[in-house]
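A.B. asks: Note that the first sequence covers residues 1 to 589 in the working numbering. C-beta atoms are modelled at their ideal positions from N, C-alpha and C, and glycine is treated no differently.
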Amino acid sequence: MIEQLLHTAVEKALQFLYLAEGQSIQFQKTRKDFDGDITLVVFPFLRASKKGPEQTANELGQYLQEKVAEVCCYNVVKGFLNLSIDKNYWLSQFITLYKAENYGIVKVSEDASTYLVEYSSPNTNKPLHLGHIRNNLLGYSVAEIIKASGKNVKKVQIINDRGIHICKSMVAWQLFGQDETPESTGLKGDHLVGKYYVEFDKHYRAEQADLIAQGVSEEEAAKQAPIFLKAKEILRQWEAKDPSVYALWEKMNNWVYDGFAVTYDRLGVDFDKNYYESNTYLLGKEVVQEGLDKGTFYQKEDGSVWIDLTADGLDEKLILRSDGTAVYMTQDIGTAIQRHDDFGFSNMAYAVGNEQDYHFKVLFLILDKLGYNWAKNCYHLSYGMVDLPSGKMKSREGTVVDADDLMQEMVDTAQSIAQELGKLDGMSGEEADALYEQIGLGALKYFMLKVDPKKRMMFDPEESIDFNGNTGPFIQYTHARIQSILRKYGKQAVCASDVEILDKEQEIIKLLLEFPATIQEAADQYSPALIANYTYDLVKEYNGYYQNTPILVGDNKEQIAFRVALSDKVAQVIKTGMGLLGVAVPNRM
RNA sequence: GGCUCCGUAGUUCAACUGGAUAGAAUAGCAGAUUUCGGCUCUGCUGGUUGGGGGUUCGAAUCCCUCCGGAGUCACCA
1 MIEQLLHTAV EKALQFLYLA EGQSIQFQKT RKDFDGDITL VVFPFLRASK
51 KGPEQTANEL GQYLQEKVAE VCCYNVVKGF LNLSIDKNYW LSQFITLYKA
101 ENYGIVKVSE DASTYLVEYS SPNTNKPLHL GHIRNNLLGY SVAEIIKASG
151 KNVKKVQIIN DRGIHICKSM VAWQLFGQDE TPESTGLKGD HLVGKYYVEF
201 DKHYRAEQAD LIAQGVSEEE AAKQAPIFLK AKEILRQWEA KDPSVYALWE
251 KMNNWVYDGF AVTYDRLGVD FDKNYYESNT YLLGKEVVQE GLDKGTFYQK
301 EDGSVWIDLT ADGLDEKLIL RSDGTAVYMT QDIGTAIQRH DDFGFSNMAY
351 AVGNEQDYHF KVLFLILDKL GYNWAKNCYH LSYGMVDLPS GKMKSREGTV
401 VDADDLMQEM VDTAQSIAQE LGKLDGMSGE EADALYEQIG LGALKYFMLK
451 VDPKKRMMFD PEESIDFNGN TGPFIQYTHA RIQSILRKYG KQAVCASDVE
501 ILDKEQEIIK LLLEFPATIQ EAADQYSPAL IANYTYDLVK EYNGYYQNTP
551 ILVGDNKEQI AFRVALSDKV AQVIKTGMGL LGVAVPNRM
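1. Which residue from K300, N279, D265 puts its Cα closest to that of G163?
2. Using only alpha-carbon positions, find the residue among G303, K168, A9, L363 that is nearest to Y83.
3. Are the CB atoms of D524 and M458 within a distance shorter than 7 Å?
4. Between the region 94-113 and the region 37-54, can you find at least three pairs of beta-carbon atoms closer than 8 Å?
5. So, with DSSP's three-state summary, where would you put E101?
6. Write down every uninterrupted run of the beta strand (DSSP E) in the region 458-494 whose length is 3 residues or greater and which is fully enclosed by it, in chain order.
7. Just mark Q590 as buried or exposed, buried being the case when its beta carbon has 16 or more other beta carbons within 10 Å.
8. If I531 and I145 are in contact, beta carbons under 8 Å, what's the gap, nearest whole angstrom?
9. If you count every other CB in all the chains shown that lies within 10 Å of the CB of N253, and 16 or more means buried, which is it?
10. Tell me, to the nearest whole angstrom, how far the beta carbon of F271 is from that of K155; I am working on the premise that it is less than 8 Å.
11. Measuring straight from C-alpha to C-alpha, what distance separates M393 and L444?
12. Could you check whether N354 and S595 sit closer than 7 Å to each other, using their CB atoms as the reference points?
13. Does the region 171-188 touch the region 223-238, meaning 3 or more C-beta pairs lie closer than 8 Å?
14. Measuring only the C-alpha atoms, how far is W238 from K223?
15. Can you give, in chain order, each stretch of the beta strand (DSSP E) that sits fully within the region 235-308 and has at least 3 residues?
16. Could you tell me whether the Cβ atoms of D161 and Y276 are closer together than 7 Å?
17. Are the beta-carbon atoms of V288 and I319 separated by less than 7 Å?
18. Per DSSP, which one or two residues make a beta bridge with S113?
19. Count the other C-beta atoms from every protein chain shown that fall within 10 angstroms of the C-beta of V411, then say buried if there are 16 or more, exposed otherwise.
20. With a CB to CB cut of under 8 Å and the five nearest residues on each side skipped, what residues in its chain are close to G391?
21. Secondary structure at T8, three-state DSSP: helix, strand or coil?
22. Within a Cβ cutoff of 6 Å, which residues of the same chain sit near A57, ignoring the five residues on either side of it in sequence?
23. Can you name the start and end residues of the beta strand (DSSP E) that V106 belongs to?
24. Which first and last residues belong to the beta strand (DSSP E) in which I38 is found?
25. Whose C-beta lies closer than 7 Å to the C-beta of L53 among residues of the same chain, with five residues either side of it excluded?
26. Output the residue ranges of the beta strand (DSSP E) runs that lie fully inside the region 150-208 and measure 3 residues or longer, sorted by chain position.
27. May I have the straight-line CA-CA distance separating K67 from E3, to the nearest angstrom?
28. For R31, tell me which candidate among N123, F562, E430, K510 has the shortest Cα-Cα distance.
29. Closest to E541 by CA distance: which of G426, L512, G334 is it?
30. Three or more C-beta pairs under 8 Å: does that hold for the region 347-363 against the region 116-129?
31. Can the beta-carbon of L130 be found closer than 7 Å to that of P453?
32. Which of the three DSSP states, helix, strand or coil, is assigned to Q592?
33. Taking the alpha-carbon positions, what's the E500 to I25 distance?
34. Please report the straight-line C-alpha distance between Y298 and V352, rounded to a whole angstrom.
35. Taking the alpha-carbon positions, what's the I234 to A240 distance?
36. Keeping to the same chain, check which residues put their C-beta closer than 8 Å to that of D498; ignore five residues upstream and five downstream.
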């Protein structure tokens, strides 16, 4: 690539002109408002050159223009040396990348290292909501991006299938359910179980209010409410493997899994392996002994086990309760080790909300202290909360947006907009339905993923499905329009090596050349937003080009072929990029 | 209260990890079509990057301080 070429040339130049070595050489893209393609920042060299920035830049520019054939001219603005690269270079680069199949994607080799990505990991007592959607989309997309960067990737989740939350749904169903099933009610399984979780909460609160009215303290009321005691009793029976409780637990969980499967399927996410907390909640206990032996952990008089992290600026953390049972941290330690045994991964990422930042900091530190050298390659893919135009989601206030409802709403909106625009003549009902699905979900996914994962974000359904602006549908539209050109051209374009290229075309080629590095960077940073922003930039550049450049019209057949080829490649990169976000792009819309 | 994170056009987001005159979208205004999908494109308006100090050739970015917001500080998960 040109940058490497220039890098060594600048090294030589610095050596030749100023006898300087080991300088940090940084290139950047030349900003739009200046002439040139690549810019060298010369400020760092002033110490060595002992000259002013302009003079230093001019001397370097002179040298590079003479010695590097691709550098056709240069200009200097303050301490910035702007280099222009010959048009033939860009054209030849395009011809090379045009021939590449799956351009930008690094094929996974036999000896590639393995990355684990954990995401979703829901509780089984209620359906998925808007927050889970961001989690799922992020996890899935990051996994696809890392895969595209040449790594072996496994997607996993840990399903929180046991504990007091599911027992609450169970007890409410037993008391008020009258043997309702998904079949008898027509409700999705996860929604049915969620209905009883809400039912539990309703009764629980009523009972608490009664107790408080009788003079019981608030704290005591929460502990003594009969329905809560029943839930705890069920939990105890479950732990004792009581057959009837176990059967009910399995039945209700299976309803939930059937429901989740539908949601995951529509969302387009998948998993290579599911872990279940009912299998893993006892894990990690043997590690406790290991930690005690090594002196990493210590035991208090009551038998509870702790780790002291005050030296690392954190606090003391419980590892094992005094009654010998595991806590969340213990399980997570055990599960991580188990996964390493299962997959021998080199890296693992956890897509979990940023309210657990502290937990993961501690988890990775403990794993490190226990001597697991892969602990330093564990990454908490921490993401911010999703807000709505109406404000924050609050389960108590019933303002939680259900994942299934939201997806349906997006698809319905896509349908009404598309029908209003009326460009679907001649499309069968089935094709049209598939298209609404692509547009509605594409809008949702693109909007959620274009924002830096770490940041809290605002999801505006209306804005997300706007057919203009920085949205999924706008990008899909551009792709569809290019496909229309390709259909008209009717054959594979063969690109000649001696066409004259326009400035706009050069800009597009430069952007296309950035695609592989963008994927790598997105993988390194676990950030689908980089892919989204890149794709949008490309689309914007292409639309500007398309607007005032005839692609198919003209006498010069080679020029037409080049322009078709360029358009084709832009469409391919759009498709690949959006694919990494889990967004499908239609050929017509 | 301790710790962590955040604060950028009216609004939603960027800014190549310390580089040039802080960019897009949207909203508002003004324009463009004998052309391949106008669901498009081109302009204009809009900023003391929460305030103040510091570090240096150079700060939205790093350090300090104040203001405002969020999260977290369970023998919960």
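C.D. replies: Concretely, from the data shown:
1. As a first step, residue 163 is located in the first sequence; it is residue number 163 there, counting from the start. For G163, the nearest C-alpha among the options comes from N279.
2. For the purposes of this step, residue 83 is identified with residue 83 of the first sequence, where counting begins at 1. Residue identity differs from the one stated: residue 83 is Leu in this sequence, not Tyr. Of G303, K168, A9, L363, the residue nearest in Cα terms is A9.
3. By one-based count along the first sequence, residue 458 stands at place 458. By one-based count along the first sequence, residue 524 stands at place 524. Contact: no.
4. The region 37-54 and the region 94-113 do not touch, with fewer than 3 CB-CB distances between them shorter than 8 Å.
5. Taking the first residue of the first sequence as 1, we reach residue 101 at position 101. Coil.
6. Within the region 458-494, no complete beta strand (DSSP E) run reaches 3 residues.
7. Because residue 590 is not part of the residues shown, which for the chain are 1 to 589, the question remains open.
8. Here residue 531 refers to the residue found at position 531 when the first sequence is read from its first residue. Here residue 145 refers to the residue found at position 145 when the first sequence is read from its first residue. Between I531 and I145, the beta carbon gap of about 7 Å places them in contact (Cβ cut-off 8 Å).
9. Residue numbering aside, residue 253 sits at position 253 when the first sequence is read from its first letter. Buried, since its Cβ has 16 or more Cβ neighbours within 10 Å.
10. Sequence index remark: in the first sequence, residue 271 carries index 271 (1-based). Sequence index remark: in the first sequence, residue 155 carries index 155 (1-based). Rounded, the Cβ-Cβ distance is 5 Å, consistent with contact.
11. What you label residue 393 is simply residue 393 of the first sequence in a count that begins at 1. What you label residue 444 is simply residue 444 of the first sequence in a count that begins at 1. Computed Cα separation, rounded: 17 Å.
12. The requested residue 595 does not occur in the structure, where the chain is confined to residues 1 to 589.
13. With the cut-off at 8 Å, the region 223-238 and the region 171-188 touch.
14. By 1-based counting over the first sequence, the position of residue 238 is 238. By 1-based counting over the first sequence, the position of residue 223 is 223. One alpha carbon belongs to W238, the other to K223, and they sit about 20 Å apart.
15. Every beta strand (DSSP E) stretch that sits fully inside the region 235-308 and reaches 3 residues is listed by chain position as 273-276, 305-308.
16. Within the first sequence, residue 161 is the residue found at index 161, counting from 1. Within the first sequence, residue 276 is the residue found at index 276, counting from 1. Yes, the pair counts as a contact, with Cβ atoms nearer than the cut-off.
17. Taking the first residue of the first sequence as position 1, residue 288 is located at position 288. Taking the first residue of the first sequence as position 1, residue 319 is located at position 319. V288 is a Cβ neighbour of I319, given a cutoff of 7 Å.
18. Indexing the first sequence from 1 puts residue 113 at position 113. Under DSSP, S113 shares a beta bridge with no residue.
19. Position 411 of the first sequence, counting from 1, holds the residue named residue 411. In summary, V411 is buried, with 16 or more beta-carbon neighbours lying within 10 Å of its beta-carbon over all protein chains present.
20. Along the first sequence, read from residue 1 onward, the residue named residue 391 stands at position 391. Contacts found: T399.
21. Within the first sequence, the letter at position 8 stands for residue 8. In the three-state scheme derived from DSSP, where H, G and I count as helix and E and B as strand, T8 is classed as helix.
22. Position 57 of the first sequence holds residue 57. Excluding sequence neighbours, A57 sits near V42, V76, L81.
23. Residue mapping note: residue 106 aligns to position 106 of the first sequence, counting from 1. No residue range can be given for V106, since it is assigned to no beta strand (DSSP E) and is classified by DSSP as neither H nor E.
24. In the first sequence, counting from the first residue as 1, residue 38 sits at position 38. Element bounds for I38: 38-41.
25. The residue you call residue 53 lines up with position 53 of the first sequence. Correcting the residue type first, residue 53 is Pro in the shown sequence and not Leu. Answer for P53: V42, F43, L46, K78, G79, listed in chain order.
26. 152-159, all fully within the region 150-208.
27. As a position in the first sequence, residue 67 is number 67, starting the count at 1. As a position in the first sequence, residue 3 is number 3, starting the count at 1. Near 15 Å, if we compare the C-alpha coordinates of E3 and K67.
28. Counting from one through the first sequence, the residue named residue 31 turns up at place 31. When each option's Cα is compared against that of R31, the closest is K510.
29. Residue mapping note: residue 541 aligns to position 541 of the first sequence, counting from 1. For the set G426, L512, G334, the Cα lying nearest the Cα of E541 is the one of L512.
30. The region 347-363, when compared against the region 116-129, does touch it at the 8 Å Cβ threshold.
31. Here residue 130 refers to the residue found at position 130 of the first sequence. Here residue 453 refers to the residue found at position 453 of the first sequence. With respect to P453, L130 sits apart: the two C-beta atoms are not nearer than 7 Å.
32. Since the first residue shown for the chain is 1 and the last is 589, residue 592 is missing from the structure and cannot be characterised.
33. For the purposes of this step, residue 500 is taken as residue 500 along the first sequence, with counting starting at 1. For the purposes of this step, residue 25 is taken as residue 25 along the first sequence, with counting starting at 1. A direct Cα-to-Cα measurement between E500 and I25 gives close to 32 Å.
34. Here residue 298 refers to the residue found at position 298 of the first sequence. Here residue 352 refers to the residue found at position 352 of the first sequence. Inter-residue distance for Y298 and V352 is about 29 Å (C-alpha atoms, whole angstroms).
35. As a working note, residue 234 is residue 234 in the first sequence. As a working note, residue 240 is residue 240 in the first sequence. Rounded to the nearest whole angstrom, the CA to CA distance from I234 to A240 is 10 Å.
36. The residue you call residue 498 lines up with position 498 of the first sequence. Here the set comprises E558.
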